[in-house]
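Take a look at the structure set out below.
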Amino acid sequence: MNYPLFSKENNSLAKKYLTKEVFETIKDKKTSLGYGLERLIHSGLNNDDSEIGVYAGDKESYSTFSLLISPIIESYHGFTTSSLHKSNMNPEDLDTPNPDKEGMYILSTRIRVGRNLENMPLGAAISKEERNRLEAMVVDALSLLEGELAGEYYALDGMSKDVQNRLIKDHFLFKEGDRFLEYAGLNRDWPKGRGIYHNINKTFLVWVNEEDQLRIISMQEGGDIKEVFTRLVTAIKRMESRLTFSYSEKLGYITSCPTNLGTAMRASVHIALPNLSNRMDKFTAITKQYHLQIRGIDGEHTQSKGHIFDISNARRLGVTEVQAVEEMYHGVVALIAAEKALD
Ligand code: ADP
Ligand code: DAR
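Everything in the sequence shown is counted per full-length UniProt numbering, starting at 1 for the first residue and increasing by one.
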């Protein structure tokens, strides 16, 4: 492999930290699955608008290529990989009273985690047979869910385009053909082995074999963050009785992308901020202060519409699940106060 020539427009962390010295040290390394540097950076090298630029093929990628990935992790999460990650999913520790009881700003709340199964390759390196076997294992575990969490699994293979497009439009299902995932090898054999589980009210959903092997999602209208969190952690605990999730003391829950390590949790609100949308200087000053990420109305790599924004915690590693949600909460409280002040 020759030293990769990232384009001058590419500002990814992979480009920043893959110096010639780092490259010479890791260029011939491979994990026991044979996952090498070329595949690790393929998405970032071919998508000039990548912010990160790497996807792991297995848990081992994080140690084999730590010379490149550790500075990426520390830059994104602000957490040194020499420390130990801590988890806390106890809803009783969560202090997030609804920040918008009158329903003036927050349209909906969603909290999701990424999970991958222990002793399996990640999506970028998994075989078709392993992916199909994993789908069956997850569907079997989901069939045990009862009460409010009870639901059905819908395989993407064979799903009508109308149903698929409606689920995507209504923010329940992952988009198709993401180019970052495509170049990472995460879309191989699509749509085989992919699908969505959801309960009757679509307040609890599980994506199977998109970027991560599971995205476990709780969502509902309004700003009752604690209710959304409680539903999610209840489901995770029940699923852990049948599934073992890949985890490490330093990196937390192992995910395809380093940005999702740790809690692998993204807690978001869809929130209407018409005043702040005209004062992006104030808006971004608050999101920077509270470590928030702004996404568009249809998720990552989309634009906001009608002054509605997807606001979520950016940090996932080095914070507990309770802290990640509270970080989002305090940022949303500050955004609402700033929005009111501009009335
Ligand atoms: P992820 O959150 O899994 O990283 P995306 O950012 O692509 O992935 O979001 C996935 C879907 O979830 C998108 O359709 C997005 O609009 C929707 N979504 C995210 N946050 C919320 C929210 N608070 N309320 C409703 N839908 C949401
Ligand atoms: N677009 C890729 C991934 C960034 C984080 N988002 C994820 N993992 N969905 C990039 O390198 O910018």
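Don't be surprised by glycine CBs; every beta carbon is placed ideally from N, CA and C.
All of these numbers come straight from a predicted model, not from anything done at the bench.
Nearest candidate by alpha-carbon position, reference residue i, set the options
{"i": "R110", "options": "L186, S218 and L144", "result": "S218"}
{"i": "E51", "options": "T19, I73 and G147", "result": "I73"}
{"i": "N260", "options": "T234, E321, E92 and H307", "result": "E321"}
{"i": "S12", "options": "N47, S32, G34 and T302", "result": "N47"}
{"i": "A150", "options": "T234, R266 and D49", "result": "T234"}
{"i": "A14", "options": "E38, I168 and V113", "result": "E38"}
{"i": "H307", "options": "K169, I297, S108 and I168", "result": "I297"}
{"i": "M265", "options": "E152, G223, L292 and R112", "result": "R112"}
{"i": "K226", "options": "S256, S248 and V269", "result": "V269"}
{"i": "E211", "options": "L173, D224, I200 and Y247", "result": "L173"}
{"i": "H330", "options": "G114, D100 and E60", "result": "D100"}
{"i": "S43", "options": "S143, F6, I271 and I168", "result": "F6"}
{"i": "D157", "options": "E146, A125, G193 and G36", "result": "G193"}
{"i": "G78", "options": "A314, A338, K27 and V332", "result": "A314"}
{"i": "N278", "options": "L342, K59 and S241", "result": "L342"}
{"i": "S63", "options": "Y3, K250, Y154 and T244", "result": "K250"}
{"i": "F65", "options": "E148, P258, K282 and E9", "result": "P258"}
{"i": "K29", "options": "N10, E9 and M1", "result": "M1"}
{"i": "E146", "options": "M239, M280 and E339", "result": "M239"}
{"i": "R131", "options": "V332, G114, D189 and T19", "result": "D189"}
{"i": "G114", "options": "Y76, W207 and V332", "result": "W207"}
{"i": "F283", "options": "T19, E300, N209 and V332", "result": "V332"}
Inter-residue spacing [alpha-carbon to alpha-carbon] between residue i and residue j
{"i": "P191", "j": "K237", "result": "28 Å"}
{"i": "R179", "j": "S127", "result": "20 Å"}
{"i": "S82", "j": "L40", "result": "22 Å"}
{"i": "D140", "j": "P121", "result": "20 Å"}
{"i": "Y183", "j": "K16", "result": "19 Å"}
{"i": "Y105", "j": "E221", "result": "11 Å"}
{"i": "E327", "j": "A334", "result": "11 Å"}
{"i": "T96", "j": "A324", "result": "11 Å"}
{"i": "G57", "j": "R133", "result": "18 Å"}
{"i": "K305", "j": "N275", "result": "14 Å"}
{"i": "Q303", "j": "E129", "result": "37 Å"}
{"i": "A285", "j": "D162", "result": "41 Å"}
{"i": "E135", "j": "A267", "result": "25 Å"}
{"i": "Y290", "j": "F309", "result": "16 Å"}
{"i": "P71", "j": "L292", "result": "20 Å"}
{"i": "N98", "j": "A272", "result": "16 Å"}
{"i": "I168", "j": "R215", "result": "15 Å"}
{"i": "T80", "j": "S248", "result": "14 Å"}
{"i": "V138", "j": "A337", "result": "42 Å"}
{"i": "R166", "j": "K175", "result": "11 Å"}
{"i": "T244", "j": "M280", "result": "43 Å"}
{"i": "L181", "j": "G34", "result": "19 Å"}
{"i": "residue 367", "j": "T31", "result": "Residue 367 falls outside the range modelled here, since the chain spans only 1 to 343, and no answer is possible."}
{"i": "A155", "j": "G195", "result": "4 Å"}
{"i": "S312", "j": "T263", "result": "14 Å"}
{"i": "N10", "j": "I26", "result": "21 Å"}
{"i": "S75", "j": "L186", "result": "24 Å"}
{"i": "L117", "j": "S246", "result": "5 Å"}
{"i": "E24", "j": "N209", "result": "33 Å"}
Residues that residue i bridges to, as DSSP identifies them
{"i": "E152", "result": "H198"}
{"i": "E221", "result": "S108"}
{"i": "A56", "result": "According to DSSP, which records beta bridges pairwise, A56 is partnered with nothing at all."}
{"i": "L205", "result": "H198 and I217"}
{"i": "I311", "result": "V269 and I294"}
{"i": "R115", "result": "L214"}
{"i": "G252", "result": "S248 and G262"}
{"i": "K305", "result": "I308"}
{"i": "G193", "result": "The partner list for G193 (beta bridge, DSSP) is empty, contrary to what the question assumes."}
{"i": "G299", "result": "G296"}
{"i": "G36", "result": "K30"}
Residue i burial status per 10 Å Cβ neighbour count (16 or more: buried)
{"i": "Y197", "result": "buried"}
{"i": "Y253", "result": "buried"}
{"i": "K288", "result": "exposed"}
{"i": "Q213", "result": "buried"}
{"i": "N119", "result": "exposed"}
{"i": "G103", "result": "exposed"}
{"i": "A125", "result": "buried"}
{"i": "L84", "result": "exposed"}
{"i": "L68", "result": "buried"}
{"i": "L144", "result": "exposed"}
{"i": "N199", "result": "buried"}
{"i": "S61", "result": "buried"}
{"i": "E152", "result": "exposed"}
{"i": "K59", "result": "buried"}
{"i": "Y3", "result": "exposed"}
{"i": "E339", "result": "buried"}
{"i": "G53", "result": "buried"}
Short CB-CB distance (under 7 Å) between residue i and chain D
{"i": "G223", "result": "In the structure shown, chain D does not exist; there is a single protein chain."}
Residue i beta carbon near ligand 4 (any heavy atom closer than 6 Å)
{"i": "T259", "result": "Absence of ligand 4 is noted for the structure shown, with ligand 1 and ligand 2 being the only ligands found."}
Counting Cβ pairs closer than 8 Å, one from the region 313 to 320 and one from the region 85 to 95, do we hit at least three?
-> yes
Report yes or no: do three or more beta-carbon pairs, one from the region 211 to 230 and one from the region 91 to 99, lie closer than 8 Å?
-> yes
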